[in-house]
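Numbering (the UniProt record's numbering), first residue to last: 1 to 1278. Reviewing the structure listed below.
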């Protein structure tokens, strides 16, 4: 439509049309044109005319005509004319700019092609060649026809109705029928959003005036606007419309298309398109508007200045008259965001919580705050029930320490949890860590690292490894040590607990957090052990604790013990957090199988071999461990045991060749076994067998080795000859059952299969691919070197380029890539034990234990990958049961019935898992039964004995005691959690708002900002962060899409904080625009129209409880004092600097700041006094405990003397009387010595107490400093 056509249709002059297109026409003409074209203006209040819309803009803000006229520089009559629909467009734009109305014109009704003679617009061969140069073959073309030239694996024709089908695949190509264009766009959008299709490429006509373009394309897809009009099919004529290539994808594939197709890209993060692009329907200029240079659009030039003038969001750039913050706001925000908080402040962990990639669960916040309860505390026991996220609680504590610059941090945990900690720290807290184990520790020593434990990142190691390096641990000034599964230390008071005692001595001066769900299992002495591990002065010695609390017969002693435990032990129960956490169920399915005759023969032969008194292949130092592993491989598959048997034979052949070189041959065997059985290193780390000293072989030993090699090779040959396993066939049936159950539960059609052997994993891939699961499987193991994993990794890196998903660690990124592949594409993941450590699969609700570990904690860890926080469905757990093996059946029965691992809501209980501590000893017991029990009766007897021992260790009486001692009333907990949740939400929202405004202020020269999505695109970096921080898109979100996650701890945010704190802020006058503020605040509404002065200062306190406070002082010009909350609110209102470097009399303000400083210091002193009293009470208890222990011995002597004297009196025999009298004299002498020792020891105790008081006094020392940040005059306008 030409300008003349439009003028004729609207019945107005052609000059009027030209004026409208230059933004210089009048409102009457604009109204006529809009009605003629069936258009409306969006972004303004709904009304029947433009005049009414203008009036509503004003009246909704309760502004008078005079006030608005003064604000925008127009006369009152001009405004009155505008509200009648008269006047110039220039005046109209001034009004909407003042009210920050972002406008654009959109079509009233959906526009699409009507079906004509043909609805088929085949893509030309020339254009398809360009498409296929980027994507050689598509997975699907859902809207094809018999003459289509598109190269795709699957085609949906009109009879298939692609709108009703599911679209699956990596790449989908769409050139839809144009008569139903909106429906096809909606379908493509839906298939991409739900994850069925990873990338959809659609060739569409340009229709930027339609609803679907804005809601389903521009907001979430990259668009390549094609410069020239295309030719379709065999036509030699260009199409009557412009075309665009729409890419719904997470990758940058649009850039690849732009290299071969001439056009201009509009990226989904670029925000809105120029408003004038919507003015005339069914037409788009050759190139979409770009902010970089003027473009001619519809006969008018739109420069960046004009865009600013009309106040429109363009390609992510923020324009318009909306006022931002000033340097004064920025300085205040930055000091507020970076200030340190007292241990008594609910915002103590605000920085850690703000940065953490975790949901806000109030019980975890409560636990982390408890750990910071007192600066004099030496640690805490966080004892929440299993499943409540103690790892997150510990992570919040160490993350806050890290943010405060306290970075000497060590995590000690079972070997099986080390990788999980690495993953959690990286994924959820963005913290670097390293597992310390023999291999890399020795390498660091060889490279000259004096103390490998003294690291720049967080160290993670097992209990045994830490104990082996006690001297190094002792000399490092730790800021924090976290001990996971700390119930292993509860018997530290016993001489037999060597590891615990070594660690207690090595870490005596370190602040410690113990994580355990079972702090009390069988005896109150276990509580003593854990508490004394943290603080040796919390109680006296074991003897005094036992004498006071062993029986807890009196209410006074019970209440006293509970009060003494309260400052150090924190526990929350699952039932207390049901309001915040949804739990799903576990459903067990058992698949029975009977091995073939050949399999049973192999099992019997290898079992008998492992029971031989002497085995040349297994040295005595490793025999128990290696026998356990070989039995696991034997139960896994014939393929797994075949490889192990070959490794044993190869070891013996090498031993004959090298004679006495047992060390090298054993190392080679261990490498061979570890390559298949990935849990080998973990088990070895927790095993305590002594090394064996090699000796030259005798002739008898050589003969025995030859015979054993022959046996092993015969066993191996039998194993290799077995091509199928009965359990493998049973897997196919089990998967059918499981998938049907998952469908019934409306869960995802996915399953993870766990095996303990890499060779078994290969066998399972083969059997599943041969039975209908080809191209539906992804593998997960310790190396992930198979071709498909490599291809998945390569594609994942390409798809996530420019985002924080890519960590830079190939191992971590490979794990993430495989998990994403399983979530988005694959149906089955076959995983070794590597997958049980640290990955989250809550999107999968079916788990198959192809091999069942004997360690209950390992089983729980596996199931916990799926049955965890965030799981929306009940989890199906499938296990296999060998009906020919009595021991296998009893192991399953024990794990199922006693440990309740496979069913219920919570899985294994704290009490049961706690009863077996690490699980390794339990695993050894089961291995011993397999090794020593040959008959069914022997097996039954041994398992009954084991079951009875477990029942003895799980005491119902102790369960009641634990509840009374460690748990709080549900109502109290609910109230506390609700308060925690509300407070946390409030300060996290405040932090986010401040960080966003501060970043937009400081990075304005370097980046383009999008307020709607809280994202920005950095096109140039500040010099200070170049080389360490990438450019690209950042998003202030917990779950950014194709962007780096922006957070307080990010280097870019740290630069923003530092930069704003260093800004010069001389005295100035700020004009605060309350009308431009997106919020309202009752505290300052009454100050609108007033003015006054404000001073902002900062008080810093260093010491054991380091903290900063922002000081506020302010008045109005009539002398009314402002409250700190009023000043905080004023400093959130957008403003401009009206006048700078002015003189302000700050005498009154400085006096007010000093008063505020004094008040804060008095509050700090009150907290210090409270902490001191708590510490004194603890030391008094400790001293009394020590004295009580001495008195126990004296009382015992007194009782013996009284008894002897009584016997002397009653004796009628003189000789007996003399003998008894001599015994009495000896005891009296001993008692006198005991009294002298008591006096001496009492003095020692008092001296120790004095020393402790000196230490407490030193830790409470603090330095105080303060400074004025700025002083300003203010005017609050509306």
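For each residue, glycine too, the CB sits at the ideal point set by N, CA and C.
- Judged by DSSP in its simplified three-state form, residue 392 adopts helix.
- In this structure, the CA atom of residue 65 is about 9 Å from the CA atom of residue 59.
- The Cβ atoms of residue 575 and residue 678 lie no closer than 8 Å to each other.
- Setting aside the 5 residues that flank it on each side, residue 946 is surrounded in the same chain by 925, each with a C-beta closer than 7 Å to its C-beta; the list follows chain order.
- Our two residues, residue 751 and residue 196, have alpha carbons roughly 17 Å apart in a direct line.
- Only residues of its own chain outside the window of five on either side were considered, and among them 591, 592, 593, 880 have a CB closer than 8 Å to the CB of residue 730, listed in chain order.
- Bridge pairing for residue 589: 878 [DSSP].
- With fewer than 16 other beta carbons inside 10 angstroms of its own, residue 194 counts as exposed.
- Residue burial is scored here from C-beta neighbours: residue 209 has at least 16 other C-beta atoms within 10 angstroms and is therefore classed as buried.
- Residue pairing of residue 512 in beta bridges, as defined by DSSP: 379, 481.
- Counting along the chain, residue 828 sits inside the beta strand (DSSP E) bounded by residues 828-831.
- Judged by DSSP secondary structure, residue 1277 falls outside any alpha helix (DSSP H) and instead within the beta strand (DSSP E) spanning 1262-1277.
- Here residue 771 carries a helix assignment [DSSP, helix/strand/coil].
- CA-to-CA, the gap between residue 719 and residue 656 works out to about 25 Å.
- Nearest neighbour of residue 1276 by Cα position, chosen from 1214, 1072, 1176, turns out to be 1072.
- In the three-state scheme derived from DSSP, where H, G and I count as helix and E and B as strand, residue 1184 is classed as helix.
- Annotation for residue 1141: no beta strand (DSSP E) segment contains it, and DSSP assigns it neither H nor E.
- Take residue 244, set aside five residues on each side of it, and the residues of its chain with a beta-carbon closer than 7 Å to its own are 204, 206, 223, 224, 225, 226, in chain order.
- Going by beta carbons, residue 14 and residue 32 fall outside the 8 Å limit.
- Taking residue 1245 as the centre and dropping the five residues before and after it, the same chain places the C-beta of 1183, 1186, 1187 closer than 8 Å to its C-beta, in chain order.
- According to the DSSP secondary-structure assignment, residue 1102 is paired through a beta bridge with 1263.
- With respect to residue 764, residue 792 sits apart: the two C-beta atoms are not nearer than 8 Å.
- For the beta strand (DSSP E) assignment, the uninterrupted runs of no fewer than 3 residues enclosed by the region 1019-1087 are, from N- to C-terminal side, 1032-1035, 1068-1073.
- Of the candidates 1119, 1095, 1125, the residue whose Cα lies closest to the Cα of residue 1113 is 1095.
- Contact between residue 220 and residue 381 is absent: CB atoms are separated by about 48 Å, not below the 8 Å threshold.
- Listed in chain order, the non-local C-beta contacts of residue 1252 below 7 Å within the same chain comprise 537, 1179, local neighbours out to five positions each way being set aside.
- Burial of residue 89 is indicated by the presence of at least 16 other C-beta atoms within 10 angstroms of its C-beta.
- Ranked by Cα distance from residue 460, the options 857, 84, 395, 1105 are led by 395.
- The criterion of a C-beta distance shorter than 8 Å is not satisfied by residue 633 and residue 715.
- If you compare the alpha carbons of 802, 73, 742, 825 with that of residue 774, the shortest gap goes to 825.
- Straight across, the Cα-Cα distance linking residue 991 with residue 984 is about 10 Å.
- DSSP, read as helix, strand or coil, puts residue 864 in helix.
- In the structure shown, residue 753 adopts extended strand secondary structure according to DSSP, grouped into three states.
- In the three-state DSSP reduction, residue 194 falls in the coil class, being neither helix nor strand.
- Judged by DSSP secondary structure, residue 1116 falls within the beta strand (DSSP E) whose first and last residues are 1107-1116.
- In the assembly as shown, residue 94 is a buried residue. Its beta-carbon has 16 or more other beta-carbons within 10 Å.
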